[in-house]
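In this note's numbering, the protein residues as written are -2 to 295.
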Amino acid sequence: MSGGLGNGLGRGLDSDFRGDLGAEMGAEMGSDYAENLTKKMGEILDYLRSQGCPKQIHAAVILGSGLGEYTEALELSHSIPYSEIPSFPQSTVEGHSGALIFGELQGHTIMAFSGRFHFYEGYGIDETVIPVRLTHALGASKLLISNAAGGINLSYKVGDLMVIDHIIRPHRRMMQQSTRWHWNMKNYADLAFSVATELGLSVHRGNYLYVFGPNYETKAEIHAYRAMGGDAVGMSTAAELMEAARLGLPAVGVSLITNAAAGITGQALNHDEVKEAANARKEDFARLVSRLILEDRV
Ligand code: HPA
């Protein structure tokens, strides 16, 4: 069973997490919002319990565009389409199958989100982070977040992997005001980078620049984003990492560079390119994710 049992966080399905979360959110975000969220999370947890899903997990992984096949590395115990989970958002993007998966990796219970939620699909930022809240509620000791991203850094090539050092949000405020914004990615990013190197994988470390999407960027925007220090650009992950930090959940983000960002090659960007690049690197990605899940330095 899960090594998560020993993580001391004590937030399994049977814990009083709902009450805690409601109070915490109420203080930060207003009581209507908190009530609604508490209700939604309660429905999700009740449903998972009714399906016999694990009550406690060791780690969770959010799988980005084209990376859903990682679940093949797990000995599956449950695979539940998002559409069957009450109050759960539905993923509408091609290349994201939309299922919540539970399985074992060398005796550790893992939850995988095959398909994620984007602001550009019409969800509120708060809904896009429901997977992070669920991970926390099930007592995970860590969260791995992957995504497909465009390379802004001119030395990046299609198929490269990048461990996210920092995020850049050039737009408006994304989350409700929170005083609990503690950056917790640095140590984990250091570790992810070392683990990748130990595996003989060449990876970058860089800044992930978040855009709302759904349209790809203009050449001028990419030029500006490079000047701002962005190395890769994408439409997910930033809010998920921020929410994990707010909850005190160690999280690391890994980007797969699926295309050169707009205007670099002069070719139009398309979603097929994203899927092809993901396919080519999926084995390396799986090795890195599995090692990070099993790694006990975080
Ligand atoms: N821009 C934004 N998001 C992306 C890209 C891109 O070039 N590639 C994959 N996701």
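Glycine included, every Cβ here is placed at the ideal spot set by N, Cα and C.
Judged by DSSP in its simplified three-state form, Gly61 adopts coil rather than helix or strand.
Excluding its 5 nearest sequence neighbours in each direction, Ser199 has no C-beta neighbour in its own chain below 6 Å. Within its own chain, the residues whose Cβ lies closer than 8 Å to the Cβ of Lys279, once the five positions on either side in sequence are excluded, are Gly63, Leu64, Glu66, Tyr67, listed in chain order. Shown here for Val129: same chain residues with a beta carbon closer than 6 Å to its own, the five before and five after excluded, namely Glu237, Glu240, Ala241 in chain order. For Asn256, the Cβ falls inside the 7 Å cut-off from some heavy atom of the ligand HPA. If you ignore the 5 residues before and after Leu73, its C-beta comes within less than 8 Å of the C-beta of Ile98, Phe99, Gly100, all in its own chain and listed in chain order.
Of the candidates Thr262, Glu270, Ala217, Ala275, the residue whose Cα lies closest to the Cα of Leu253 is Ala275. Excluding five sequence positions before and after Ala137, the CB atoms of its chain that fall closer than 6 Å to its own CB belong to Gly1, Ile54, Ala56, Ala57, given in chain order. Closer than 7 Å to some heavy atom of the ligand HPA: that describes the Cβ of Met232. Within the same chain, His201, Gly203, Ala229, Ser252 come within 6 Å of Met159 by CB-CB distance, once the 5 residues on both sides are set aside. The closest heavy atom of the ligand HPA lies 7 Å or more from the beta carbon of Glu218. Out of Val249, Thr234, Tyr44, Arg288, the CA that lies nearest to the CA of Asp123 is found in Thr234. Looking only at Ile127, Glu118, Gln103, the smallest Cα-Cα distance to Leu42 is reached by Ile127.
Within 7 Å of the C-beta of Gly260 there is not a single heavy atom belonging to the ligand HPA. Nearest neighbour of Ser152 by Cα position, chosen from Pro51, Gly227, Leu289, turns out to be Gly227. Proximity of the beta carbon of Glu237 to the ligand HPA is not indicated: no heavy atom of the ligand is located closer than 7 Å.
Rounded to the nearest whole angstrom, the CA to CA distance from Leu45 to Lys52 is 8 Å. Annotation for Tyr120: Pro86, Phe114 place their beta carbon closer than 8 Å to its own, counting only its chain and skipping 5 residues before and after.
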